[in-house]
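Peer 1: Here it is, the structure in full.
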Amino acid sequence: MNDQTMSAPLLHPSAPSPASDGGTLKMTARNVNVFYGAKQAIRDVSIDVTQENVTAFIGPSGCGKSTFLRTLNRMNDTVSSARVEGRITLDGEDIYAPDMDVVQLRARVGMVFQKPNPFPKSIYENVAYGPRIHGLASARADMDQIVEKSLRRAGLWDEVKDRLNDSGTALSGGQQQRLCIARAIAVDPEVILMDEPCSALDPIATAKIEELIHELRGRYAIVIVTHNMQQAARVSQRTAFFHLGTLVEYGDTSEIFTNPRETRTKDYITGRYG
Amino acid sequence: MNSATATAELRRPTDWKGSAMQNRIRRRYAAERRFKLLGLLSILVSAAFLAFLLVTMIGNGARGFTQTEIRLPVDFPRSSLMLDPAALAGFGADAALAGADIEGTTAAAADAAFGAGGARLLSDGAWLSVRDAIKRDPAILRGKAEIWVPAATAIDLAAKGNAAPAAEAAYGKLQKADVVRTGFNWTFLTRADSTDPTLVGIWGALKGSLVTMFVTLVLAFPVGVFAALYLEEYAPRNRWTDLIEVSINNLAAVPSIIFGLLGLAVFLNFMHLPRSAPLVGGLTLALMTMPVIVIAGRNAIKAVPPSIRDAALGIGASRVQVVFHHVLPLALPGILTGTIIGMARALGETAPLLMIGMRAFLASPPGGIMDPATVLPVQIFLWSDEVSRGFVEKTSAAIIVLLVFLLAMNGVAIYLRNRFERRW
Ligand SMILES: Nc1ncnc2c1ncn2[C@@H]1O[C@H](COP(=O)(O)OP(=O)(O)OP(=O)(O)O)[C@@H](O)[C@H]1O
Ligand SMILES: [Mg+2]
């Protein structure tokens, strides 16, 4: 784990700039407001995402976790009524600047969705699609290597190596979700956003994904939305608690779970509402 | 009823065995049986209609595919035909044949073989067979030859057991002499229209339909698909796109003859494209088919799960890549189904093509999209209007050809659809 942490700044040389808590700042959000039409879904949220830490977003349903997560790679652009205010940066670059290329941004900030959504193509094609459209592999052998590496990192290689030509949709739910993770890391992103990646999975598949997040930590900056308090405590180092579109509390996970500053956080974590 | 008894009733456990409950169960079963019966009945009715159509068409039409021929002995050296076999060897053969009086020779040979009036046993176009025989083998000019030529309509009908007594007698005599046969009518599949029912062919109209359908497909499919893609994937939702949507839906319901008038006004009178040409027919039918493709295409595109779009966008696919790598392939089976429905309608369309002059009598098949042509349904319409009895079975035969064309088209579509269909 330690050597990964050390090598991270070397992977992305433009990154280093120390965050307040000691991590390396990867993404920052300042005074972000998001509107759906006239309805405001996010109010004045400021947050830092660091390279070394897994950041968890928790909060009651409808509080805007997904909405905020989707502003980090501009997936909200696809919702015609959505409007984003404020400043969000990736390595210091404003991602909402007019000259920012959204396609490249989404390759750098990958996303895993709540419901596994593999393409109805072969397992190989699912993983190879991203590298292919971004021209990351020139020869077939390069592509094979990328596919294998990504599937290995996603902990799926041993299960599918003999049936790479089978349809990705023929896998089990947990395998599909790991395939989606493999697909996301195949384009070598810098940040991975996960929106409730385990909500459709059983405890064993969930454990596998959590293990995977542990292994990916440090190599990629990871942001994960979860409804499962234990999961947030297990996988993350930093936790943000959202409520009614505002960021109530953001800090070290151990701090938030053992000694929350706000009563709302405490009530939510102890299950008094939510 | 006061509230006390109401609560008391509520508290009583549900009586699943009570007579009211049994009644309800019986009614439910009866309703289900009625529904099944109705469904079965409607399937039977449509199957009966289809069977009736097929049986009558094949019964009548099958005879249209056969043709009675008479073996005509021709003694060329003795005939009035002045033709040098050597002149028919190379170039100028057609000119030499055109100059010769083959028609007279044929009539004379018939009279000689079957007695006075023998020429009337033969089809008006019998000499064409003689000409073709000479062309195939000029050597026959040196001696006697026996050539199979088409029989007159009356003899043909007599051979198929459906004629006046006089013709019946003549046919009987020919049969005794063993000079008639009834075989498959290749002429019907290779020639174009004619005034003589024994000489008509469907190939002219079939080729006209093929060329017209090709023009329609080439125009309507890409335009329809792109319009559907644009409206679903790119166009903002506002009053203008709503207006366009309503217009397209209305366009799909416009009676076809109005498209014919539109084609007449725009393509012929304004753009001065050639009359009766498959190009104009195809353009007119494309106008008619496009809305169908757009509507089916939009529905198919809408049915592609948004999660697939998210997945592709999420790893940095551009919108064009999302559309062409994911949405279009997944929507293609649905789009093809819509296209085939539109094309089948266009293939059977008569009215708009009458308006743009595709009803001309044409004795030769079209050479290209600018040549005058007719199409199968118009040909059927024209033949069904003929007085000569020989055309009745030809009409049925043409309908069979049209149906086979339609089935072939559907078959191709089903094949393509199954190829592109993805399992989830
Ligand atoms: N496309 C949209 N159009 C309009 N309003 C939306 C849209 N998506 C989300 N919202 C609203 O924005 C608010 C935040 O939604 P969001 O999906 O971010 O919640 P969430 O915290 O992810 O909830 P959950 O935990 O249930 O996934 C909700 O009130 C929701 O109704
Ligand atoms: Mg959500």
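From first to last, the protein sequence lines stand for chains A and B. The first sequence begins at 1 in full-length UniProt numbering and counts up by one. The second sequence begins at 1 in full-length UniProt numbering and counts up by one. Note that CB positions come from ideal geometry on N, CA and C, so glycine has one too.
#1: Can you give the Cα-Cα distance for Ser276/B and Ile356/B, rounded to whole angstroms?
#2: Using a threshold of 7 Å, state whether the C-beta atoms of Val401/B and Gly208/B are closer than that.
#3: Using a Cβ-Cβ distance cut-off of 7 Å, determine whether Gly168/A contacts chain B.
#4: In three-state terms, what does DSSP make of Asn418/B?
#5: Using a Cβ-Cβ cut-off of less than 8 Å, list which residues of the segment 220-241 of chain B approach chain A; keep chain order.
#6: Are the Cβ atoms of Gly342/B and Val292/B separated by less than 7 Å?
#7: Does the Cβ of Ser307/B lie closer than 6 Å to at least one heavy atom of ligand 2?
#8: Verify whether the separation of the beta carbon atoms of Ile352/B and Phe259/B is less than 7 Å.
#9: Hey, would you say Ile47/A sits closer than 7 Å to Ala29/A, going by beta carbons?
#10: In this structure, does DSSP put Leu72/B in helix, strand or coil?
#11: Where does the unbroken alpha helix (DSSP H) through Glu32/B begin, and where does it stop?
#12: How about Thr253/A and Thr239/A: do their beta carbons lie closer than 7 Å?
#13: In three-state terms, what does DSSP make of Trp148/B?
#14: Provide the residue span of the beta strand (DSSP E) that contains Met194/A, from first to last.
#15: Just to make sure I have the definition right: I need the residues of chain B whose C-beta is within less than 7 Å of the C-beta of Gln104/A. Which are they?
#16: What residues in the segment 172-184 of chain A bring their beta carbon closer than 9 Å to a beta carbon of chain B?
#17: Would you mind telling me which residues of chain B sit closer than 7 Å to Val187/A, beta carbon to beta carbon, in chain order?
#18: In or out: Arg131/B buried (at least 16 other Cβ within 10 Å) or exposed?
#19: At least one CB of chain B closer than 7 Å to the CB of Leu221/A: is that the case?
#20: Would you mind telling me which residues of chain A sit closer than 7 Å to Ile308/B, beta carbon to beta carbon, in chain order?
#21: Considering Phe114/B, what are the terminal residues of the beta strand (DSSP E) in which it resides?
#22: Any C-beta of chain B sitting closer than 7 Å to the C-beta of Ala107/A?
#23: For the beta strand (DSSP E) containing Lys26/A, list its first residue and its last residue.
#24: Go ahead and pull the three-state DSSP assignment for Tyr96/A.
#25: Could you check the C-alpha separation between Phe381/B and Ser396/B for me, to the nearest Å?
#26: If you follow the beta strand (DSSP E) that Phe361/B is part of, which residue opens it and which one closes it?
#27: Any beta carbon of chain B sitting closer than 7 Å to that of Ser7/A?
#28: For the alpha helix (DSSP H) that contains Leu56/A, what are its first and last residues?
#29: Compute the distance between the beta-carbons of Ser256/B and Glu349/B, then report whether it is under 7 Å.
#30: Gly208/B bridges to which residues according to DSSP?
#31: Who pairs with Tyr220/A in a beta bridge, going by DSSP?
#32: For the beta strand (DSSP E) containing Ile257/B, list its first residue and its last residue.
#33: Is Gly314/B near ligand 1, with its Cβ less than 6 Å from a heavy atom?
#34: Quick one: does Ile133/A have its CB under 7 Å from some CB of chain D?
#35: Applying the criterion that 16 or more other CB atoms from any shown protein chain within 10 Å of the CB defines a buried residue, is Gly218/A buried or exposed?
#36: Given a cut-off of 7 Å on the beta-carbon distance, is the pair Val215/B and Gly297/B in contact?
Peer 2: In short:
#1: Distance between the alpha carbons of Ser276/B and Ile356/B: 6 Å.
#2: In this structure, the beta-carbon distance from Val401/B to Gly208/B does not fall below 7 Å.
#3: No, because no Cβ of chain B sits closer than 7 Å to the Cβ of Gly168/A.
#4: helix
#5: Pro236, Arg237
#6: Going by beta carbons, Gly342/B and Val292/B fall inside the 7 Å limit.
#7: no
#8: Inspection of the sequence shows that residue 352/B is occupied by Pro rather than by Ile. Going by C-beta atoms, Pro352/B is nearer than 7 Å to Phe259/B.
#9: Yes, the pair counts as a contact, with Cβ atoms nearer than the cut-off.
#10: strand
#11: 19-64
#12: Taking 7 Å as the Cβ cut-off, Thr253/A and Thr239/A qualify as a contacting pair.
#13: strand
#14: Taken as a continuous stretch (DSSP letters only), the beta strand (DSSP E) holding Met194/A covers 191-195.
#15: Neighbours of Gln104/A on chain B, chain order: Gly316.
#16: Cys180, Arg183, Ala184
#17: In chain order: Ile315, Gly316.
#18: The residue is buried, with at least 16 neighbouring Cβ atoms inside 10 Å.
#19: It is worth fixing the name first, because residue 221/A is Ala in this sequence and not Leu. Not closer than 7 Å to any Cβ of chain B, the Cβ of Ala221/A fails to qualify, so no.
#20: Asn117, Phe119
#21: From DSSP, Phe114/B is part of no beta strand (DSSP E) but of the alpha helix (DSSP H) over 102-114.
#22: yes
#23: 25-36
#24: It is coil, neither helix nor strand.
#25: 11 Å
#26: Looking at the DSSP string, Phe361/B is not in any beta strand (DSSP E), and its letter there is neither H nor E.
#27: Because Ser7/A sits at a pLDDT of 38, beneath the cut-off of 50, its placement in the model cannot be relied upon, and the following sentence gives the value as read from the coordinates. Proximity of Ser7/A to chain B, defined by a Cβ-Cβ separation below 7 Å, is not satisfied.
#28: It should be noted that the sequence gives Ala, not Leu, for residue 56/A. Run containing Ala56/A: none in the alpha helix (DSSP H); it sits in the beta strand (DSSP E), 54-58.
#29: yes
#30: By DSSP's assignment, Gly208/B forms no beta bridge with any residue.
#31: Arg217/A
#32: It is not in any beta strand (DSSP E) - Ile257/B instead sits in the alpha helix (DSSP H) that spans 256-263.
#33: Not under cutoff, so the answer is no.
#34: Included in the structure are the protein chains A and B, with no chain D among them.
#35: buried
#36: no
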